[in-house]
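A quick write-up on the structure given underneath.
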Amino acid sequence: MSRIDALTQAAARRLASRTSRRSLLGMLGRLLVGGAALPLLPVSRVARAAGGASGGAKIDDPESCDYWRYCAIDGYLCSCCGGSASTCPPGTSPAPMTWVGTCRNPADGKAYIVSYNDCCGKASCGHCMCNRNEGDRPPYLPWVSNDINWCLGGENKIAYHCSTAVLVGVADK
Amino acid sequence: MSRIDALTQAAARRLASRTSRRSLLGMLGRLLVGGAALPLLPVSRVARAAGGASGGAKIDDPESCDYWRYCAIDGYLCSCCGGSASTCPPGTSPAPMTWVGTCRNPADGKAYIVSYNDCCGKASCGHCMCNRNEGDRPPYLPWVSNDINWCLGGENKIAYHCSTAVLVGVADK
Amino acid sequence: MARVGAPRLAALALALVVVANFAPRATAADFVAEQATTAKLADGRHRVWIHDLVGIGYAKATLLDADSGRQLAQVDTGYLGMELELSAKSPRFYSAETYLSRGFRGTRTDVVTTFDATTLRPTGEIEIPAKRLLGLPTSAHASLLDDERFLLAYNFSPASTVSVVDLERGAFVGEIEVAGCALVYPLGPRRFASLCGDGSLLEVTLDDAGREQARKAHPNFFDPSLDPLLEKAVRAGDQWLFVSFAGDVHPVDVSASGLTFGAKWPLTDAAERASKWLPGGLQPFALHASSGRLYTLVHQGGADTHKDPGQSVWVYDLATKKRVQKIALDELSTSIAVSPDDAPLLYSAFLGAPALVVYDARTGTRLRAIENAASWPGLLQPIAGDVK
Amino acid sequence: MARVGAPRLAALALALVVVANFAPRATAADFVAEQATTAKLADGRHRVWIHDLVGIGYAKATLLDADSGRQLAQVDTGYLGMELELSAKSPRFYSAETYLSRGFRGTRTDVVTTFDATTLRPTGEIEIPAKRLLGLPTSAHASLLDDERFLLAYNFSPASTVSVVDLERGAFVGEIEVAGCALVYPLGPRRFASLCGDGSLLEVTLDDAGREQARKAHPNFFDPSLDPLLEKAVRAGDQWLFVSFAGDVHPVDVSASGLTFGAKWPLTDAAERASKWLPGGLQPFALHASSGRLYTLVHQGGADTHKDPGQSVWVYDLATKKRVQKIALDELSTSIAVSPDDAPLLYSAFLGAPALVVYDARTGTRLRAIENAASWPGLLQPIAGDVK
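Protein chains in written order, with this note's numbering: chain Z, 1 to 173; chain H, 1 to 173; chain E, 1 to 388; chain D, 1 to 388.
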């Protein structure tokens, strides 16, 4: 299957991503029972996300919002846009300043410092919207705030295109 | 029910509008049988449009693509955007130049000359996309070409917002 | 619909007339040609702006009549536009906006645009430093001070400053440095606050020219480690109400010349905290001024769920600080707002779905959903009804 | 995923380091910090640009790998952007674009932007008169002349002119008036045609500075009353193929110094015409050059269905002018294109649905649908594969 998402499906992504997996099954139930409640959401998407919850999250898939590095990300995943978890798509530039998160890698059990470099210089990619908020704080603590558009690099680097999750350190020894 | 459409439903509108009502039921059948064929189209919308076909088109409803004046329109209906069939929504301006169509009013059997004034100065309204092409010709006959953005009125009047259908004459006596 | 035979030549012949003046051409005795005009903005008791993030792009705001479900008008608010600065005293409103000269590239220009609130046309703009905060919308990114002479916009470059715009003179005044702090909360006609990362509240006083006259840091306003404040505060007359992640209301009274910090009070009791009921969303708080009620959007969640959607609105009487009502929403919600009239409506929208859902705020009855109100619903801004 | 305990202070402490240089901080012996970089554009045998009209707004083009279904990159093409002018000979491409200084208001600026085809970065722009045709996309709105020194853009203000851009000098040269005619069809390195409302074809010859040297009207090329031409022509080497509303191909040979108008030939036989089989759509014709095949998107419709979607692709051998293949599409389609290689893919998209559907052009087998390729799919532009 294609891994490319677009605006018209972002709603489902956001529903899935903005909601903890734990509560998603409950909501899905309500959606399906409700019928007309959220008619525009592609229910198959929600169902798949819910299925992922019972079957195990895709914590090792950089195109999944469940990827372990994305614990404090907010935006379109560059992995779905021609880049990767640590590279910007062609024609865009990584923001020189970033916010950071601390995510635990289930493979080695260690917590890593993740730099969420926005990729800048083009319109929104529009695919794989993902928002997770571990350690996220309001803009008065900007270095840990994922609400901010970090594309602050001057000429041609204002527009937000997508988000990476670059490993820059180990948080615990 | 609300009459407001948005980007995420424009696809269904366009499916309905870009296709003659005659063939829509056939396509709907294919959609439903096909299952995955057009998974993103809100099928309820299509079904409602198809229902309209058997139950009689809404030729007297200015918020319906079937409204008789819209026989050569291409764009968002201003009636759904804060204007009407002959008025632009607040804050926008009618284009001084237009393309024209000739549409027959079923109420009196007469054919009228319709001026399709684009309303200009704001981003797309995004509601009630409608395209019908009676008498439409390519841009080498611009006065009868509905592909053209007629928002040519200079400063602050470039952006296309929605389309009106203004009666400017009677075509037959 | 039958195709009208050979209409093209007639159409072409008419085209020149049409282009010239839409002159009437009443070949039928009773026909009067229409004129293309611009509609007047409709009045209404329950009008509300819904902002559309449009997929993290050029934003727009749509004015809806919540009673009829109709769209009344639209304004464009620029790249990552957040909200409008509505006026309580003039037939204008303002918008702090960002533009790029080549769509999504080129030179950045930030402006404060003035709109005529009746015609919805932009009537002027004042250029400001091209570094206002961009990101997810928050109503504290920019604000009118109380007499509406000055408009403030918070800059993040990543240096933290506040741009001061003199609306009377139509000019940018200058920047005020607010290092370590963020956002702007009006405290009066010449005073504002910013919320600081060390837990303090910074109070800045302006002179009549819009320059900084004094500043005072109020330390230990909150504990950013133990229980940070949501920056999504609401103002109830002379009181700012900041709510913490855990659900404690931190009131700040601005009526005196200084600031009075009231005792914090909880939205939830011990049992509710144990079951992890928390406020959350993009716009989780709304005030109904005349009844003195605070509406809060809550959900059951754990740590770091401060932006999660909710399906419950809990309502508090600010005089007694007690919950007086619970409203169950049918749909997920990230933004709530309440109309200011005495038959108030509760508006609810979810960033992940295009509808605006309307409830009777007093009874909690779901009245209607306005489908496709916005592709990515952001902030909601009710405006006072002006039905005569 | 368990929340990492109290990460914020560590994160804050590290932030300065991160901001400074993303310096490695290998506290685990085997850890090497990553660097945020920009990916190289991936090669591929079947890459195709799909243009996205984005709801009649600021357009973008997305480059897809049709074999893997992956998005490779994106470029932005301005307000109502239509297509890219791809180069056959240089590692660049061009885009005739329109911008407004304030998003959807303000001053209009039209430019020809040069992109590096490897990095996909804009590398320059040439301003042109701010009146290029805006509207539904058509590939004839702008074109490179054959040696790629000059780029032409059709203007509609509503006066009809053509802007000439000298790409070698990086400068706008001037305008050529083409009153009564529209669009640009390259006829060689210094010649172009426009299609005229009176049924003629206008041929214009430029000098080496890009100025008009000569013009010749070729009357009665087609009958705009009885059977107008679709402006959506395709070029097969030295032949332009214009197709009429009814389905007749009008070939124009441009190999000689003049123009040779070939006999028109039908896409459909009498029985098919009687059952109203017609070409239609936004991009209903595609050429596969090496096999000399013309792909046409057809549907059953009546008068004025020239923009209707189709679900059938009929394929013609240009040497014999005979149909050699019929491909049934599973989905509605308004745009088709064929990859230029010898294992060609047929691409299909519908303005009303967000997928790009991929077929084996030789067998007609549906290979895959790339979902959400564009919100409003417009024109498709395959690019030659460059796998070594």
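In this text, a Cβ means the ideal position worked out from N, Cα and C, and glycines have one as well.
Remember, predicted model here, so these are calculated numbers, not experimental data.
- The C-alpha of G81 (chain E) is placed about 18 Å away from the C-alpha of G281 (chain E).
- Within the segment 54-75 of chain H, no residue has its Cβ closer than 7 Å to any Cβ of chain D.
- For the pair A165 (chain H) and Y70 (chain H), the CB atoms are nearer than the 8 Å cut-off.
- Bounds of any alpha helix (DSSP H) do not take in R366 (chain D); it lies within the beta strand (DSSP E) bounded by 366-370.
- If you ignore the 5 residues before and after F172 (chain D), its C-beta comes within less than 7 Å of the C-beta of I126, E127, I128, S163, V165, all in its own chain and listed in chain order.
- Taking all protein chains shown into account, N117 (chain Z) has 16 or more neighbouring C-beta atoms within 10 Å of its C-beta and is therefore buried.
- According to the DSSP assignment, R108 (chain D) belongs to the beta strand (DSSP E) that extends over 105-116.
- Looking at the DSSP output, G310 (chain E) shares a beta bridge with E:S333.
- For E177 (chain D), the enclosing beta strand (DSSP E) starts and ends at 171-177.
- Within the same chain, A159, H161 come within 8 Å of A123 (chain H) by CB-CB distance, once the 5 residues on both sides are set aside.
- Burial state of S143 (chain E) is buried, judged by a 10 Å Cβ sphere holding 16 or more other Cβ atoms.
- Taking 8 Å as the CB threshold, F222 (chain D) stays off the interface with chain E.
- Checking the DSSP bridge columns, you'll see L77 (chain H) partnered with H:S163.
- Think of a sphere of 7 Å around the beta carbon of L120 (chain E): the chain H residues whose beta carbon falls inside it are P90, G91, in chain order.
- Counting only runs of 4 or more residues that sit fully inside the segment 254-279 of chain E, the alpha helix (DSSP H) segments are 270-274, in chain order.
- Here the C-alpha atom of D108 (chain Z) lies approximately 16 Å from the C-alpha atom of V168 (chain Z).
- Here A39 (chain E) has no same chain residue with a Cβ atom under 6 Å from its own Cβ, once five neighbours each way along the sequence are excluded.
- DSSP, read as helix, strand or coil, puts A140 (chain D) in helix.
- Using a Cβ-Cβ cut-off of 8 Å, V75 (chain D) counts as an interface residue toward chain Z, since at least one Cβ of chain Z sits closer than that to its own.
- At a cut-off of 8 Å between C-beta atoms, N133 (chain H) counts as an interface residue with respect to chain D.
- The beta carbon of L351 (chain E) is closer than 8 Å to those of L53, L282, P309, T334, S335, W376, P377, G378 in its chain, skipping five residues each way along the sequence.
- Shown here, V144 (chain H) sits in a helix according to DSSP, grouped into three states.
- Beta-bridge partners assigned by DSSP to M129 (chain H): H:Y76.
- P382 (chain D) is positioned such that its CB atom lies closer than 8 Å to that of A337 (chain D).
- No residue range can be given for G237 (chain D), since it is assigned to no beta strand (DSSP E) and is classified by DSSP as neither H nor E.
- Y112 (chain Z) and Y67 (chain Z) have their C-alpha atoms some 13 Å from each other.
- Secondary structure at W150 (chain Z): coil, using DSSP grouped into helix, strand and coil.
- For V204 (chain D), the pairing in a beta bridge is given by DSSP as D:F192, D:R215.
- Under the Cβ distance rule, Y94 (chain E) does not count among the residues neighbouring chain D, no pair being separated by less than 8 Å.
- Interface criterion not met: the Cβ of P94 (chain H) is under 8 Å from no Cβ in chain D.
- The straight-line gap separating the alpha-carbon atoms of H288 (chain D) and F261 (chain D) is approximately 22 Å.
- In the three-state reduction of the DSSP assignment, Y67 (chain H) falls in the coil class.
- Under the Cβ criterion of 8 Å, A373 (chain D) is not counted among the residues facing chain H.
- Below the 7 Å Cβ cutoff, chain Z contributes P90 as neighbours of L41 (chain D), in chain order.
- Within chain D, the residues whose beta carbon sits less than 7 Å from that of C125 (chain Z) are Q74, listed in sequence order.
- A direct Cα-to-Cα measurement between G69 (chain E) and I370 (chain E) gives close to 5 Å.
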